[in-house]
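Below is one structure, written out as structure tokens; comments come after it.
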Amino acid sequence: MAEVQTLRKGNIYEEEGQLWRVLDYQHIKVARGGATIRLRVRNVRTGSTVEKTYNNGSRVEDVRLDKDEVQFQYTDGDFYHFMNVETFEPVTLAPDALDGVLEFLTDNQVVTLESYEDEPISVTMPTTVDLAVTWAEAAVAGDTANTPSKQVEVETGYKLQVPMFVTEGDVIRIDTRDGSYVTRVKQ
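For reference, each letter of the sequence shown is one residue, going -11 to 175 in the working numbering.
Written as structure tokens, this is what we have:
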């Protein structure tokens, strides 16, 4: 059991037989009353998002997730197929389990699969990934009055803003937490 005030964004807990991922946490203290904790949570299995309010000191069931390294193999259009790198067992996931991952997922990439009681819950990317630029806006000479940046598209189809010196064919490092440009990778 864990106290509600110890939960943070990204934590998963169990309540009434359902798994909930914390999306947002607010500690609310009113003048004479006791503090309350307001959580915006997503049901891990159904994907529905709700707001829950708890009194300070309330307890919920803490969940320990199993983590395995899996390698992306292919997609058949409806599902994404991975292979456990230690046991070589196949793992099939629906696109909703890959929220925030598809923009950076490439063939044969190794990611972390989080599961609970042998049920796949979500996939976690490495903090940064290196992707090739497949399209870049043309840089205009003299267009440096403000922070000079341009839009590019990487091999997965993800679009982002990068410095003007990045060109088509370059490999860039992207932060998967916020989708931002980190640096150009030397080949």
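Beta carbons are placed, not taken as given, at the ideal position from N, Cα and C, and that holds for glycine.
Nearest-angstrom Cβ-Cβ length linking residue i and residue j, presumed shorter than 8 angstroms
| i | j | result |
| --- | --- | --- |
| N44 | G21 | Rounded, the Cβ-Cβ distance is 10 angstroms, inconsistent with contact. |
| R165 | T94 | Going by Cβ atoms, the distance from R165 to T94 rounds to 18 angstroms, so no, they are not a contact pair. |
| Y42 | I25 | 5 angstroms |
Beta-carbon gap between residue i and residue j smaller than 9 angstroms
| i | j | result |
| --- | --- | --- |
| E102 | L119 | no |
| A85 | I109 | yes |
| V58 | V89 | no |
| V128 | V140 | no |
| V32 | L(-5) | no |
| V154 | Y169 | yes |
| E2 | V51 | yes |
| V111 | F76 | no |
| E4 | S46 | no |
| M113 | S137 | no |
For residue i, the nearest candidate out of the options (CA to CA)
| i | options | result |
| --- | --- | --- |
| R9 | Q(-7), I25, V29 | V29 |
| Y68 | G(-2), T171, A82 | A82 |
| Q6 | F60, V38, K(-3) | V38 |
| R161 | V(-8), F92, T135, A126 | F92 |
| F60 | N96, Q175, K(-3), V173 | N96 |
| D12 | D163, N(-1), V121, E105 | N(-1) |
| K55 | L148, Q(-7), T171, V99 | V99 |
| G167 | V117, T63, P136, L27 | V117 |
| D106 | V121, K40, L53 | L53 |
| T122 | A19, T135, K147 | K147 |
| G35 | D87, V173, K138 | D87 |
Extent of the continuous beta strand (DSSP E) to which residue i belongs
| i | result |
| --- | --- |
| K147 | 147 to 151 |
| Q61 | 54 to 63 |
| K40 | 37 to 43 |
| L11 | 6 to 16 |
| A124 | 116 to 124 |
| V111 | 107 to 112 |
| P78 | 78 to 81 |
| D163 | 159 to 163 |
| T171 | 168 to 173 |
| T100 | 98 to 104 |
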